[in-house]
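Beneath this line is the structure, given in structure tokens, with notes to follow.
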Amino acid sequence: MNEISSKYNPQEVENKWYAYWLENNVFHSEIDETKTPYTIVIPPPNVTGILHMGHMLNNTIQDVLARRSKMLGFNTCWIPGTDHASIATEAKVVAKLKENGIEKQDLTREEFLQHAWEWKEKHGGIILEQLKKLGCSCDWQRTRFTMEEALYESVISVFVDLYNKGLIYRGVRMVNWDPKALTALSDEEVIFKEQKSKLYYLKYMIEGSQTGEYVVVATTRPETIMGDTAVCVNPTDERYNHLKGKRLVIPIVNRAIDVIFDEYVDKEFGTGALKITPAHDLNDYNLGLKYGLESINIFNDNATLNEYGLQYAGLDRFECRRKIVKDLEETGLMERIEDYTNKIGCSERTDAVIEPKLSLQWFLRMEDLAKPALEVVMSDEIRFYPSKFKNTYKHWMENVKDWCISRQLWWGQRIPAYYLPNREFVVAKTKEEAFEMAKAKFPDVIHSIEDLKQDDDVLDTWFSSWLWPISVFDGIRYPQNEEIMYYYPTDDLVTAPEIIFFWVARMIMAGLEYRKEIPFKNVYFTGIVRDKLGRKMSKSLGNSPDPIMLIEKYGADGVRMGMLMASPAGNDLPFDEAYCEQGRNFANKIWNALRLVKGWTTDDNEASQHQNDNIACQWIEEKFNNLLLELEDAFSKYRLSEAMMQIYKFVWDDFCSWFLEAVKPEYGKPVSKITYLKTLSLFEKIMQVLHPFMPFLTEEIWHLLRNNAANETIMQSEMPKAKTETNSQLLQDFIQMQEIVIAVRAIRNEKNISPKAALPLFIKGDVSGTLTNQYAALISKFANLSEIKPVFNAVEGSVTKLVGSLELFIPLGDNINKEDEQRKLEEEITYLKGFMASVEKKLSNESFVAKAPQSVVEGERKKFADAKEKIQTLQSRLSQLR
RNA sequence: GGGAGCUUAGCUCAGCUGGUUCAGAGCAUCUGCCUUACAAGCAGAGGGUCAUAGGUUCGAAUCCUAUAGCUCCCACCA
């Protein structure tokens, strides 16, 4: 006993048990037809990423679900892995090369990819090691990576298939161009940020006007005037009637353009005249299409101006803006400048301001894929927790747009389209296949395989992630393989609401398209981890604590508990280290309960159990059974924090404060064997229900309770099951006992009586349930009483308290302040009279009595009678005092 | 601009089909305790017009309507 420290030390325990679990391969799952599978696929973090608080929350939840399901007898398989994250990773590699004086454009694709793989080998998978620190029970033998061969091939074969089905097409579209990463982005990767900018009012001279007439056009982007091909006004705008048939001259550029008339223009905004730059604005592009306007692209890919930029060619777009504004002012062509706040699209990955750009990209037609995917969610075949996200999902799915799946990057799955010298192309899984196809199609054009040139672009990362639940089991390449047949569909998906469209929706589409089956049954949306000020935790704000430091400080169990404590599904988690501290304290509390129990000695000769112990054991078993029922309920609704809190309260209050205190032997005395064994068995069961939340501590205690005799890990033990019948009388009686104890303790506190001084207690009233010997003994023990006796009359010179209909007396003789006692009684009587009056009012209301259910009316009558009785008791007490 | 959601104790949140789970929990606070498992602790206590205003009902934190404030998602307003 002495060798157990009074403080729980997580560090050594955690390392020891994680190593033990790995050695014994307890996280690994294999097909077992006698068991039901329970499958989770991890949302694959970026391969070069490091753990942040969001991961901590997300993976704690998955681990709780995984560990619990295993203990419930399922064949649990939690598949870990990482995502190649093409933009993010490529950006990092480019930056790294730059530091070493190497530019990406100086490298061949092969050379670059070699660097990228080196980077991946060096930094990849750090995050997986961090998950181990958190205690995650992933099946590490099954670790996958979205760029590994099998998954790469799966992606390519899906691309080819969708192309052949006519769902993938190539087209010129206005795309979101990231001029820093030099790639197109999907709409979802663009974040609109509010920005203070300026609205510039430029003068466009009317061509041929003798009087120097001009039209003022408002724009936020004066640097794009070189790309102007029209000015548009609303046809109903009378101010501009005179422009019909006229042409305008672009300032500085001195090129004449048409005036067009379209309802699209808002008369109220600016001057009601809009400059049209089809190559650099989506709306302008659409108007350009409508009116057959020319598109002049004035930017290079990196957003510097090209030869159309005239004297500004070569300048960056923002520098050009400054310069052009200055030039306009100097030439008097700037009418005025106003402050203006608007929203500007920025790249999620590089934060660069997005440039709308016309380009040739690959698209996936979404409409037909979206329909069935919407249905399975609306019909609850796939359930969302919380369900409010069904709305969000529905809205998006009904307005889904085609998905731009090409990215102008090298790190990723390269698009399997092969171009012929005649600008035609074929799509095939391999170059050899492509060659055969091309030869068949264009025998005259193609002679050698070298005549084919593969598309330079790679696929959007999400185009591989959307296959994740299938491809981790190789179900794309081998649709009938045993693994996919056994483990798919997966059970629970735990993810962030931010990627409901990026990922969740698309996985559902892919699942239905390629397995004709949903990819998962439940989706648990975690909240966003925020700091105390309510800001989202992010690297750029630097407001996120380092998770590994937290684990070192509070223990993985403490941090896990801290994360869960304040995060119901879908609610944001306002993180505070205090939660981790609470978690650590809880671990310590349990640790000390263990120290207590391990310190007990038993008397083997003593056959019988004390009355005290007997009742306490029965009671705690009832309470524990209640706990099991509550946990079942909470888990069925995915209310993990509620489940956690229920265990917390059970352990701290019921188990430690009442049960252990009830059976704790006097110092130096043994405990009866029966009680001892029951306590150990209960302790084990508590560790089992707690294990999914606090895996390390519970494993440690599980073994200490058994003196390390068992080889079995707690993770492979069977979760205790609830019985359905409960002994509610016992629970009620115990509560009354507790109330009496609390009342006596309160009196001690009020009167400043040391807990060491034993007191006599007299009880008036019906004590049949409570004052049988067993409860009397318990009350005496808890409240430190010298005697406990029922009486029929009030006891003079006592402090009194009402517990239900029982009246307690503790004689204190001279210690009593009569006035105090009187005042307290009077206050209580006043309160009760008020209460009685309100009940009476209700009862005298005829329609209440007539319309309310009988049981409610009865309840009110009982309240009335009880209050009346109490008042009588108190009043007689009061008159005695006087 | 469109949509969804939220507002209950100092903080974070429960409160399901309106009524004995109805005003709750944890943390924080206050008071007293170094009581032989635990001061990372023990015992006790205080604290809320359930955002506001109407309505429905015998009865509203709960249902309806409006108002205010907050949050998130979607959308191309120069």
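Last residue of the first sequence? That's 1057 in my numbering, and every number before it is there in order.
Note that beta-carbon positions come from the ideal geometry of N, C-alpha and C, so glycine has one too.
Proximity of residue i and residue j at Cβ, strictly below 9 Å
{"i": "Pro220", "j": "Trp643", "result": "no"}
{"i": "Tyr213", "j": "Ser244", "result": "yes"}
{"i": "Ile262", "j": "Val365", "result": "no"}
{"i": "Met228", "j": "Pro720", "result": "yes"}
{"i": "Ile985", "j": "Phe937", "result": "yes"}
{"i": "Ser204", "j": "Arg317", "result": "yes"}
{"i": "Ile473", "j": "Thr404", "result": "no"}
{"i": "Ile703", "j": "Pro722", "result": "no"}
{"i": "Val632", "j": "Trp537", "result": "Per the sequence shown, the amino acid found at residue 632 is Asp instead of Val. Yes, Cβ-Cβ distance for Asp632 and Trp537 is below 9 Å."}
{"i": "Tyr689", "j": "Leu668", "result": "no"}
{"i": "Ile432", "j": "Arg422", "result": "yes"}
{"i": "Val1032", "j": "Leu1018", "result": "yes"}
{"i": "Ile215", "j": "Asp666", "result": "yes"}
{"i": "Ser534", "j": "Asp353", "result": "no"}
{"i": "Val1058", "j": "Leu880", "result": "Since the first residue shown for the chain is 176 and the last is 1057, residue 1058 is missing from the structure and cannot be characterised."}
{"i": "Thr211", "j": "Gly248", "result": "yes"}
Per-residue burial, residue i [other beta carbons within 10 Å of its own, 16 or more giving buried]
{"i": "Ile302", "result": "buried"}
{"i": "Val978", "result": "buried"}
{"i": "Thr223", "result": "buried"}
{"i": "Phe180", "result": "Reading the sequence as shown, one finds Ser at residue 180 and not Phe. Ser180 comes out exposed."}
{"i": "Tyr568", "result": "buried"}
{"i": "His417", "result": "exposed"}
{"i": "Leu803", "result": "buried"}
{"i": "Glu189", "result": "buried"}
{"i": "Ala291", "result": "buried"}
{"i": "Met553", "result": "exposed"}
{"i": "Val347", "result": "exposed"}
Among the options, the one whose alpha carbon lies nearest that of residue i
{"i": "Ile512", "options": "Gly420, Val440 and Ala393", "result": "Ala393"}
{"i": "Tyr729", "options": "Leu771, Gln757 and Tyr515", "result": "Gln757"}
{"i": "Val916", "options": "Pro895, Asn882, Lys898 and Ala952", "result": "Ala952"}
{"i": "Val1014", "options": "Asp207, Leu1007 and Phe1039", "result": "Phe1039"}
{"i": "Tyr653", "options": "Leu326, Gln280, Ile849 and Pro930", "result": "Leu326"}
{"i": "Ile954", "options": "Leu627, Ile206, Thr850 and Val838", "result": "Val838"}
{"i": "Val942", "options": "Glu962, Gln911 and Phe957", "result": "Gln911"}
{"i": "Ala260", "options": "Gln588, Phe834, Glu1033 and Leu987", "result": "Gln588"}
{"i": "Tyr1006", "options": "Trp315, Asp995, Asn968 and Leu1049", "result": "Leu1049"}
{"i": "Leu687", "options": "Asp577, Ile889 and Lys546", "result": "Lys546"}
{"i": "Phe1010", "options": "Glu510, Glu1035 and Phe202", "result": "Glu1035"}
{"i": "Phe367", "options": "Ile519, Lys993 and Glu887", "result": "Ile519"}
{"i": "Leu485", "options": "Asp476, Tyr183, Val440 and Val428", "result": "Val428"}
{"i": "Val269", "options": "His455, Ser329 and Glu293", "result": "Glu293"}
{"i": "Trp571", "options": "Tyr593, Ser581 and Ala548", "result": "Ala548"}
{"i": "Leu855", "options": "Leu769, Pro453 and Ser892", "result": "Leu769"}
Counterpart residues of residue i in DSSP-defined beta bridges
{"i": "Cys407", "result": "Ile435 and Leu449"}
{"i": "Thr670", "result": "Phe700"}
{"i": "Gly256", "result": "Arg319"}
{"i": "Cys521", "result": "Ile366 and Val528"}
{"i": "Tyr344", "result": "Phe538"}
{"i": "Thr665", "result": "Phe695"}
{"i": "Met509", "result": "Leu377"}
Residue i - DSSP class collapsed to helix/strand/coil
{"i": "Thr516", "result": "strand"}
{"i": "Trp586", "result": "coil"}
{"i": "Phe249", "result": "coil"}
{"i": "Ser581", "result": "strand"}
{"i": "Thr777", "result": "strand"}
{"i": "Leu716", "result": "coil"}
{"i": "Tyr193", "result": "helix"}
{"i": "Glu797", "result": "helix"}
{"i": "Leu891", "result": "Here the sequence assigns Gln to residue 891, which means Leu is not the residue at that position. Helix, per DSSP."}
{"i": "Val734", "result": "helix"}
{"i": "Ser372", "result": "strand"}
{"i": "Met176", "result": "Annotation note: pLDDT 42 at Met176 (below 50); position unreliable, coordinate value reported separately. Correct three-state label for Met176: coil."}
{"i": "Lys939", "result": "strand"}
{"i": "Asp828", "result": "helix"}
{"i": "Lys182", "result": "coil"}
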